[in-house]
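Going by the working numbering, the residue at position 204 of the sequence shown is 198; the numbering climbs one at a time, nothing skipped.
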Amino acid sequence: MTYRLLIFFFSFFYLYAQDSELVFPKATGEKREQYKSEMKKVISAELELFRIKKSETSIKKSFEYMQNLNYFEDDGYNFLKFALADYPSKSENFYSNALETVYTLYETGFEFEMENILSTTTNPRHFTIAVNVLQRAYPLEREKYLKILKERFKDYEKIPILKILSSYLEKSPGEYLINRPSLKKLFSHDFGDSHFVLFSLQRTNRNY
């Protein structure tokens, strides 16, 4: 049933795309700009409310929208700075979203906040994102971060995100890429007949 549904789904959109008279309304340039404008209004409203109330409940969509829009405005930057300044007083999910947004948007500018999180957190996800942000600014500090990881998380090999991070830190980026398993090995793996597997492959240059 699943495969039939997928075939129908893709066949429908293939036929739909052949008719030049048909347009998906939300995909037009005008609608996209309208959607962007609406997202910016939500961001501005939520960040202003957060500034006044200092409450994470003020932020419902801003993290997602900032990432989608590549939002580099000053109010967004200042919000992220302020949000991370009192780590870890807010919820785990709030900081996960804030850290992901920093990682998505900024190559540099948050080294102080990441160093603070690196030195205090016991959350594997927060630790991993902080290390990845810092690696951009200090690519030669891999051994330092690996040492902290192993001292902080004694059972890191049982935690998937930390196990992957440790393998990345143990090698230079070039060595890590060279030693990755081949795509042929991945594609030839038997996932069983009861699973539908979708692979998503991107170039290093994400402009494509």
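Built from N, CA and C at the ideal position, the CB exists for glycine as well.
Burial state of residue i (16 or more Cβ within 10 Å)
| i | result |
| --- | --- |
| Y170 | exposed |
| F57 | buried |
| L192 | exposed |
| A92 | buried |
| Y202 | exposed |
| Y59 | buried |
| A79 | exposed |
| M(-5) | Confidence is the limiting factor: at M(-5) the pLDDT is only 46, short of 50, which leaves the residue's position unreliable, though a coordinate-based value still follows. Burial call: exposed. |
| L177 | exposed |
| H120 | buried |
| L74 | buried |
| A124 | buried |
| L195 | exposed |
| T115 | buried |
| Y139 | buried |
Residue i and residue j closer than 8 Å at C-beta
| i | j | result |
| --- | --- | --- |
| F147 | I153 | yes |
| F44 | I53 | yes |
| L143 | Y132 | no |
| L41 | D69 | yes |
| K165 | N173 | yes |
| V96 | F106 | no |
| K227 | V36 | The structure shown does not extend to residue 227, since the chain is modelled only from -5 through 202, so no value can be given for it. |
| T122 | L163 | no |
Residue from the options with nearest C-alpha to residue i
| i | options | result |
| --- | --- | --- |
| A77 | E94, E135, S176, L63 | E94 |
| N64 | E101, G186, N110, S182 | E101 |
Nearest-angstrom Cβ-Cβ length linking residue i and residue j, presumed shorter than 8 Å
| i | j | result |
| --- | --- | --- |
| L99 | Q129 | Not really, about 16 Å apart at Cβ, beyond 8 Å. |
Boundaries of the alpha helix (DSSP H) in which residue i is found, first to last residue
| i | result |
| --- | --- |
| R146 | 136 to 146 |
| H120 | 118 to 131 |
| V96 | 86 to 99 |
| K62 | The question names Lys, yet the displayed sequence has Asn at residue 62. Element bounds for N62: 56 to 63. |
| N110 | 105 to 114 |
| Q28 | 23 to 47 |
| N199 | Here N199 belongs to no alpha helix (DSSP H), and DSSP marks it neither H nor E. |
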